[in-house]
Structures are given as C-alpha cells and as structure tokens.
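Okay, so here's the structure we're looking at.
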Amino acid sequence: MKNELVRYYSDLRDKNLRLHQKRVAECEAKNSRFRALLSEPGLVMQQWAAGKLPLATATSRIGLVTAERKNLLISMGLPSDYLDPIYTCPKCQDKGEVGNPSKLCSCALKKQQELMLSASRINDRETFANFSDAIYPGDEQKKQGLGMKRFCERYVAALPKPEKPNLLIVGQSGLGKSFFGNAIGYAAIEKGVQTVKTTAYQCIQDILSGIDTREDAIAPYLSARLLILDDLGTEAMVPNVTVETIFRILNERAAAQLPTVMVTNLDREGLFERYGERVASRMIDGALTSIVLLRGENLRTRMR
Ligand SMILES: [Zn+2]
Numbered sequence: 686m687k688n689e690l691v692r693y694y695s696d697l698r699d700k701n702l703r704l705h706q707k708r709v710a711e712c713e714a715k716n717s718r719f720r721a722l723l724s725e726p727g728l729v730m731q732q733w734a735a736g737k738l739p740l741a742t743a744t745s746r747i748g749l750v751t752a753e754r755k756n757l758l759i760s761m762g763l764p765s766d767y768l769d770p771i772y773t774c775p776k777c778q779d780k781g782e783v784g785n786p787s788k789l790c791s792c793a794l795k796k797q798q799e800l801m802l803s804a805s806r807i808n809d810r811e812t813f814a815n816f817s818d819a820i821y822p823g824d825e826q827k828k829q830g831l832g833m834k835r836f837c838e839r840y841v842a843a844l845p846k847p848e849k850p851n852l853l854i855v856g857q858s859g860l861g862k863s864f865f866g867n868a869i870g871y872a873a874i875e876k877g878v879q880t881v882k883t884t885a886y887q888c889i890q891d892i893l894s895g896i897d898t899r900e901d902a903i904a905p906y907l908s909a910r911l912l913i914l915d916d917l918g919t920e921a922m923v924p925n926v927t928v929e930t931i932f933r934i935l936n937e938r939a940a941a942q943l944p945t946v947m948v949t950n951l952d953r954e955g956l957f958e959r960y961g962e963r964v965a966s967r968m969i970d971g972a973l974t975s976i977v978l979l980r981g982e983n984l985r986t987r988m989r
C-alpha cells in the first residue's frame, strides 16, 4: 500500500478504537457489571492458552458472558452489538488489505481512487457518463462528438500502454476539447491509473514558483502514469523556461513510455510557430501521437 493509504487506515483504526473506548466507558459508568463482562473473555482465553481450561469450557464461558452483555445492552435500549469492535469496513477490519497473499480490499481501491482524484486536478463532472450529444447543434457535429467519445474511451481502455502513447486533441475554443481531456483522466483513475491533469498555464506557473522555492515542481508531470496537458498555448512564454519545460516533459515521458494527452487550440502551424521545430515535431510525431481534430460551432456560445 502507498503511504497515503497506510496513513488513512491507521487514522481510521485509531478513530474507531477511540469511539469504541468511549462506548465502553459510557456503559461502564451506567452499569459496573460491564467491567467484568468485558474483561472475562480475555481472562478465559489466557487460562485456556495456559492449559488451565479445556476449549469447550472456555468457549461456553465466553458464550455466557457475551449473551449477558448483549442482553444488558438491549435492556438499556442500546443495540446488542454496541460494544463490539467497530470497523468501517468489516471485510478487511480497516486494514485495507484482504487475503493471503494480501491484495487491496475493495474499500482501499475506492479510497485510492478518491486520493488520486483529489491530487489530480480532475473534476468529477466532465466524465464519459455525463457526456450528452444533445449539446451539439447539428448532425455532423453530433456524429463527430460521438466518434470522439468512442475514440477517447478506446484510448482509456488501452491504458496504461496505448499503442500510440500520446493523444493530441486540436480544435477551436468551445468544441468540448477540455471535456474529453478531463473525461479521459477521470476514466483512467477509475481503472486505477494515477493521473495528473494540468493546464499548460498552471504547469508553467508551478515551474516558476518552484524556481523560487527550489522545489522540484516538474517531478509530478514527469512521473504521472498519465498526464493531461490542457490548454496548451495559453501558458506564459518565459524565455528559457516554457519551451524547455514542455520539451523536457514530452521527452522524458516518451523515454519512459508514459502516455500524455495534449489539448490545444493551436493547429500545426501554430504549434511550430510557438514551440519551434524541435518541440512541435515531437508533439505531432505520428509514431507516438494520435491526432484528433474537432471542428464545428462553438458549444459554449450556443449554450448561452
Ligand atoms: Zn475493506
């Protein structure tokens, strides 16, 4: 398990243990008999372990005090399991792992997704499930949108190693490009692929503030299992920073065979003009990148 998950389960067990202790103290304060009823099973097990009690006797004595405890709780108007150990997930008893050899419990997979999602800058509204072709003005654009959705879903299905690792989504503003970028990221996390989404603007701002704080701000962009680089072309053009950063991200991710989704308004000429031959030719390299063009009427102005 990753450190974050380990910490989560350790905190969860602490929290449930404190709640359990609080209930014990509350019941003992109301009826002093609880003290004996709660300590008896442990004492019986010690005697059994020391060979002083046969198993059948130990079992029946524990059965008796358990029954008395439950009856006492019910007589006080409380649930009979009020003093049982508390587990948020009874399946793994809040360990996050089950089985031997151990694997992540379903609760841990879900938690891992939540942690990934909150660290990813991906929103949970722009998803394939929330996609609607009703936003498209004409049949042609609707067909294009549905085709785009199918294409993106196939890309996600092939993650973490699509045949061509990179995807470049090109089109004018308001054609739903960013929606697809986000939906790819969301679906990737759903299948357990750690994803980072950023706008190119935010990415360069991170690098610039990293220079001030001497932090290695580029690391998350290099190591993400999937990177979604949105709004490419809107970032500040800082000499010796912007082009170099984007080149390094694309270059190192390609070397590590890590997939990258780029979303931009810029066409081929625009990319060459802005980033130069070395970077732009890498962005559109047909061996590494599938390119999709979105055309049509602006969906945002239409919605207004
Ligand atoms: Zn569990």
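Start counting the sequence shown at 686; every next residue gets the next number (the working numbering). Yeah, the Cβ is synthetic: ideal placement off N, Cα and C, and Gly gets one too.
Please name the residue, chosen from the options, that lies closest to residue i on a Cα-to-Cα basis.
i, options, result
"S975", "Y840, Q798, A965 and R899", "Y840"
"R754", "T744, S724 and V729", "S724"
"K700", "F719, I771, D891 and R967", "I771"
"P944", "S863, H705, G870 and S695", "G870"
"S863", "D916, R692 and G748", "D916"
"S717", "I931, L757 and G736", "L757"
"F905", "Q887, P764 and P775", "Strictly speaking, residue 905 in this sequence is Pro, with Phe absent from that position. When each option's Cα is compared against that of P905, the closest is Q887."
"S908", "L935, Y960, T919 and D897", "L935"
"G727", "N950, P739, K737 and I747", "I747"
"D970", "D891, L853 and G823", "L853"
"P802", "K876, Y821, P845 and Q857", "Checking the sequence shown, residue 802 turns out to be Leu, not Pro. Checking every option, the nearest Cα to that of L802 belongs to K876."
"K795", "E920, G955, V977 and L690", "L690"
Could you tell me the alpha carbon to alpha carbon distance between residue i and residue j, rounded to whole angstroms?
i, j, result
"I889", "N851", "20 Å"
"R989", "L979", "Because R989 sits at a pLDDT of 45, beneath the cut-off of 50, its placement in the model cannot be relied upon, and the following sentence gives the value as read from the coordinates. The straight-line gap from Cα to Cα measures roughly 21 Å."
"A972", "K849", "7 Å"
"Q778", "V881", "31 Å"
"E711", "A842", "53 Å"
"Y767", "R708", "8 Å"
"L911", "T773", "31 Å"
"A940", "L697", "40 Å"
"S765", "A752", "9 Å"
"L749", "M730", "14 Å"
"Y694", "T742", "36 Å"
"L702", "R692", "15 Å"
"L681", "Q706", "Absent from the model: residue 681. The displayed extent of the chain is 686 to 989, so no value can be given."
"Q826", "V928", "34 Å"
"R938", "R967", "12 Å"
"C790", "L844", "22 Å"
"D897", "E962", "30 Å"
"T930", "Q797", "29 Å"
"S805", "S787", "27 Å"
"M686", "I892", "29 Å"
"L738", "D769", "25 Å"
Helix, strand or coil, according to DSSP, for residue i in the structure here?
i, result
"T927", "helix"
"T766", "Here residue 766 turns out to be Asp, not Thr, going by the sequence shown. Coil, per DSSP."
"N851", "strand"
"M947", "strand"
"T773", "coil"
"P724", "Correcting the residue type first, residue 724 is Ser in the shown sequence and not Pro. If DSSP states are grouped into helix, strand and coil, S724 belongs with the helices."
"D915", "strand"
"V709", "helix"
"T812", "coil"
"L691", "Per the sequence shown, residue 691 should be read as Val rather than Leu. Helix, per DSSP."
"V783", "strand"
"G856", "strand"
"V881", "strand"
"R989", "Note that R989 scores a pLDDT of 45, beneath 50, so its modelled location is shaky; the value from the coordinates is reported in the next line. R989 falls in the coil class under three-state DSSP."
"I976", "strand"
"I969", "coil"
"K795", "helix"
"K788", "strand"
"R737", "A small fix is needed here, since residue 737 is Lys in this sequence, not Arg. Three-state DSSP puts K737 in coil, outside helix and strand."
Considering only heavy atoms of ligand 1, does any lie closer than 7 Å to the CB of residue i?
i, result
"R788", "First, the amino acid is wrong: residue 788 is Lys here, not Arg. No."
"S791", "yes"
"K776", "yes"
"G781", "yes"
Please work out which residues of its chain come closer than 7 Å, Cβ to Cβ, to residue i, disregarding the five sequence neighbours upstream and downstream, and give them in chain order.
i, result
"R720", "E713"
"F957", "A965"
"K715", "M761"
"V780", "Note on identity: in this sequence residue 780 is Lys, with Val being the wrong assignment. Taken in chain order, the residues that qualify are Y694."
Near residue i, which residues of its chain fall below 6 Å by C-beta distance, leaving aside the five closest residues on each side in sequence?
i, result
"T995", "Nothing about residue 995 can be read from this structure; the chain reaches only from 686 to 989."
"K834", "F816"
"N983", "G859"
"V946", "L852, G866, I869 and I913"
"A735", "none"
"A902", "D891, I892 and G895"
"F994", "Because residue 994 is not part of the residues shown, which for the chain are 686 to 989, the question remains open."
Looking only at its chain, what residues have a beta carbon closer than 8 Å to the beta carbon of residue i, apart from the 5 residues adjacent to it on each side?
i, result
"R959", "G918, M922, L951 and A965"
"I807", "N867, G870, Y871, I874, T880, K882 and I913"
"G823", "G981 and E982"
"Q942", "K846 and P850"
8 Å is my cut-off, CB to CB: does residue i come that close to chain D?
i, result
"P739", "Here there is only one protein chain, and chain D is not present."
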